[in-house]
Structures are given as structure tokens and as C-alpha cells.
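If you count by numbering that gives the first Met the number 0, then the sequence shown holds residues 0 to 245, one letter each, in order.
What follows is a short report on a single structure.
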Amino acid sequence: MLQSTVAVRGGGEYNGAMKFLGILLPIIIIATLVIIGIGVGMYFEKKRREALEKVAADLGLEFFPQGIPGLLGMLQGFALFNTGRRHSATNTIRGVTDDVELAIFDLTYTTGSGKHSHTHRQTVIRFASSRLNLPDFTVSPEGFFHKIVKLFGVKDINFAEDPGFSSSFLLQGAGEAEIRQLFGPGLREWFSQRKGITAAGRGNQLFFFRAGQRVNPDKIPGLLEEGFQFFKLVAMPASEEMPPSS
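Have a look at this one:
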């Protein structure tokens, strides 16, 4: 009888240990995978930062891995950058001339919460210049969702003479007449040839990016060239500089 009792007790302890191990093992596996994932992410972020620093040096520009103080504040007031929370602007490449200040940076923010949270990352170009005197506008690719909300009164500035542009992009802002004047045939054609661009402007500031896309470091020179094409299309010639609109 004693042997049977000991055997039962031993078997119960064994089963209890196995049950505990069965609970603990998945937790250990998940924790290990999370740690590995964080480590891999940190490694690739480090490689990206180093590559961007080299690109900046090759272009003769400054590099600020933690971003420029006040840069996030410059985004405030632009509806495009009011989405989400925990915004950060890092890996900033910066250049300054007599009349243009350029910044290329990684913008990161979070939407949703809990299991439904999502981190968004995209490379943004910002221009600030005395040659810019822009109306307050935003332009972004027009998707199915935008077509639906337009049925409920969301404003979209369309061009009857350019249905291709109007069906591809959602153009909004204050001062429709000024926006129509800015978006002449040349600028509309430029956008139509580059699907996926989102842009915003007001006063002496101009931004553009492709939502949800971080540009590879080796593509930064091409992005910079594209950015200056956009800038030249909306900027005044140096001889026509005006004070920026308030």
C-alpha cells in the first residue's frame, strides 16, 4: 500500500511538472522569438543609420541620427502629420543654402492600440525657403476609401480638363483659387508620372513622401533629385522672392 501511495504521489508530481513545463515552454519560446526579433530589428536599424550617414557625407550634407531639435514641431498644423501618436523624426540628412533649407528624415508614428497597433515608417523630404509662398494644400493618391468619403461631402479639388490627375489624386486645402493656380498643367503632369506621392505645403514649407515607404539609403540621391524637381515647380525664381505667407 505504501509503495502504491508513493508511486501515485510521484506520478502526480511528475504530471504536475510536465503540465507546468507545458505552460512555461511556449512562454519561453515566444519571449526568445521576441528578443531575437528586437535584436534583428536593432541590427538593421544600425546598418540603415550607418548607410545614411555615409550617403550624407558623400553628398556633402549633415547627418543627425537622433533628428533635429524642433523638427517635429515644424510638422504640427499639417493635417498629414496629425495622424497617430508617438511621432519621431530620426536619421535626418540636412543641408542649408542661402535660400533653401533641406531635411530628409525617417518619420515614425503609431496608430491603433493593443493587438491592433501598427507602426508606420516613411521617408519625408522637407523644404523651407524664402522662394516658397504656398497656399495651404495637401495632395495624396486617391484610393477607394477616398472615393467613398467624397460621397459624404469631403472636398476634392478637381480639374475638368485633366480627368486623369483628378481621378488619381485627392487635392484639398484652403484657398481653392490659389491651389488651382499652383497646380497648373506642368505640376499635374509631374504628379501623374509619379504615382504614390503625397505632398503638403503652406507658406514657406513644402513636404513630400510616399506613405508607408522608407527609402533605401542608396536611393536617397534619386529621391533628392526628385525633391528638387518638385521644389522648382512650385518655387518662385530667386529674383521674385516674397515674404512667406503667414
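Glycine included, each C-beta is placed from N, C-alpha and C at the ideal position.
Cβ-Cβ distances below 8 Å link R179 to I156, F158 in the same chain, with the five nearest sequence neighbours on each side left out; the list follows chain order.
According to the DSSP assignment, E100 belongs to the beta strand (DSSP E) that extends over 99 to 110.
Around G211, the same chain offers H119, Q121 as residues with beta carbons nearer than 7 Å, after the five sequence neighbours per side are excluded.
Non-local beta-carbon contacts of M73 in its own chain, meaning distances under 6 Å to residues more than five positions away in sequence, are absent. If you look at Q171, you'll find it in the beta strand (DSSP E) that goes 168 to 172. Within 10 angstroms of the beta-carbon of I219 lie 16 or more other beta-carbons, which makes it buried.
Annotation for G185: the continuous alpha helix (DSSP H) segment containing it runs 184 to 191.
For E177, the enclosing alpha helix (DSSP H) has its first and last residue at 175 to 181.
A contact is defined here as three or more CB-CB pairs under 8 Å, and the segment 89 to 100 fails this definition with respect to the segment 168 to 184. For A198, same chain residues with a beta-carbon under 6 Å away, outside a window of 5 residues either side, are V138, F207 in chain order. Beta-bridge analysis with DSSP links A199 to T137, F206. Rounded to the nearest angstrom, the gap between the Cα atoms of A102 and L24 is 48 Å. Contact between P134 and L181 is confirmed by a C-beta separation of about 6 Å, below the 8 Å threshold.
If you compare the alpha carbons of E160, F168, D161 with that of K154, the shortest gap goes to F168. Under DSSP, the beta-bridge partners assigned to T118 are T109. With contacts defined by Cβ atoms closer than 8 Å, G200 and F104 do not form a contacting pair.
When the Cα atoms are used, L131 and H117 turn out to be separated by approximately 34 Å. Cβ contact annotation for V233 (same chain, cutoff 8 Å, sequence separation greater than five): L131, L133, L181, L186, G200, L205, in chain order. The shortest CA-to-CA distance from G66 to any of N203, L58, L51 is the one to L51. Counting along the chain, F230 sits inside no beta strand (DSSP E); it lies in the alpha helix (DSSP H) bounded by residues 219 to 233. Contact between P216 and R47 holds: their C-beta atoms lie close to 6 Å from each other, under 8 Å. Following the DSSP letters along the chain, one finds G69 in no alpha helix (DSSP H), marked with neither H nor E. Put simply, the backbone Cα of T89 is about 13 Å away from that of V214.
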